[in-house]
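Visitor: For reference, the structure I am asking about is given below.
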Amino acid sequence: MARPAVRLRPCAVLGTWGGFRPVLPDSTQDPGRVTRVLLCAGKVYYDLDAHRKASDSADTAIVRGERLYPFPEDELAAELARFPATADVRWVQEEPANQGAWSFLAPRLHRPAGRPVDRVSRPEAPAPAVGSARRHALEQQALVASAFR
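Written as structure tokens, this is what we have:
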């Protein structure tokens with residue numbers, strides 16, 4: 027992410043004590059009204075957040091993992107415990123299903139989530155990129171929209 031569309035504040039990633047936080051909570055939504063929790067890492071967060079704001083999805087929380095290894099089970103469990111047990115939990119990644127963090131996270135997410143976790147990603151592919159900026163943009167829009175369905 028060479029030039030993020032959103033300016034980052036160091037305080038967003040650092041705790042009040044100044045240390046790194048492996049899980050960044052979503053403090054923008056009322057936890058009691060959340061019906062969908064999107065877990066993600068990296069720049070896909072900004073696309074998800076822009077879609078949430080544009081569609082006024084007050085029922086969706088977006089939780090960012092800033093450190094995936096070692097897996098932050100306790101921190102993630104504490105964040106997910108804020109939301110109703112009936113809320114859907116989904117891992118969203120830009121990469122195809124057979125790439126990215128999903129293969130590492132899939133066996134680890136069930137315990138802290140306390141429920142099944144679905145994956146939202148591009149379909150399996152032999153290459154990480156489609157080779158066309160236009161096609162990538164269309165796939166990215168479809169990926170983000172499917173995370174909110």
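Throughout, the numbering used here is defined as the position within the sequence shown, counted from one, plus 26. Where a beta carbon is used, it is the ideal one built from N, C-alpha and C, also for glycine.
Does the region 142 to 162 touch the region 110 to 128, meaning 3 or more C-beta pairs lie closer than 8 Å?
Guide: With the cut-off at 8 Å, the region 110 to 128 and the region 142 to 162 touch.
Visitor: With residue 104 as the anchor, note down where its alpha helix (DSSP H) starts and where it stops.
Guide: By one-based count along the sequence shown, residue 104 stands at place 78. Taken as a continuous stretch (DSSP letters only), the alpha helix (DSSP H) holding residue 104 covers 99 to 106.
Visitor: So does the region 63 to 72 actually touch the region 155 to 162, counting three or more Cβ pairs closer than 8 Å?
Guide: No, the region 63 to 72 does not touch the region 155 to 162.
Visitor: Measure the CB-CB distance between residue 116 and residue 48 and report whether it falls below 8 Å.
Guide: On the sequence shown, position 90 is the one that residue 116 refers to. On the sequence shown, position 22 is the one that residue 48 refers to. In this structure, residue 48 does not lie closer than 8 Å to residue 116 by Cβ.
Visitor: Taking Cβ positions only, does residue 115 come closer than 8 Å to chain B?
Guide: Absent here is chain B; the protein component of the structure consists of one chain.
Visitor: Please state whether DSSP places residue 165 in a helix, a strand or coil.
Guide: For this step, residue 165 is matched to residue 139 along the sequence shown. Of the three classes helix, strand and coil, the one that applies to residue 165 here is helix, per DSSP.
Visitor: In or out: residue 75 buried (at least 16 other Cβ within 10 Å) or exposed?
Guide: In the sequence shown, residue 75 corresponds to position 49, counting from 1. Buried, because 16 or more other Cβ atoms sit within 10 Å of the Cβ of residue 75.
Visitor: Please state whether DSSP places residue 122 in a helix, a strand or coil.
Guide: Indexing the sequence shown from 1 puts residue 122 at position 96. Three-state result, residue 122: strand.
Visitor: For a quick check, are the C-beta atoms of residue 6 and residue 113 less than 8 Å apart?
Guide: Look at the range of the chain in this structure, 27 to 175, and you will see that residue 6 is not part of it.
Visitor: Beta-carbon within less than 7 Å of residue 52's beta-carbon, same chain only, minus the 5 sequence neighbours each way: which residues are those?
Guide: Your numbering for residue 52 matches position 26 in the sequence shown. Answer for residue 52: 87, 88, 89, listed in chain order.
Visitor: Going by DSSP, what residues sit across from residue 117 in a beta bridge?
Guide: Here residue 117 refers to the residue found at position 91 when the sequence shown is read from its first residue. Bridge partners of residue 117: 65, 145.
Visitor: For the beta strand (DSSP E) holding residue 87, just list the boundary residues, first then last.
Guide: On the sequence shown, position 61 is the one that residue 87 refers to. Looking at the DSSP string, the run of the beta strand (DSSP E) that includes residue 87 is 86 to 91.
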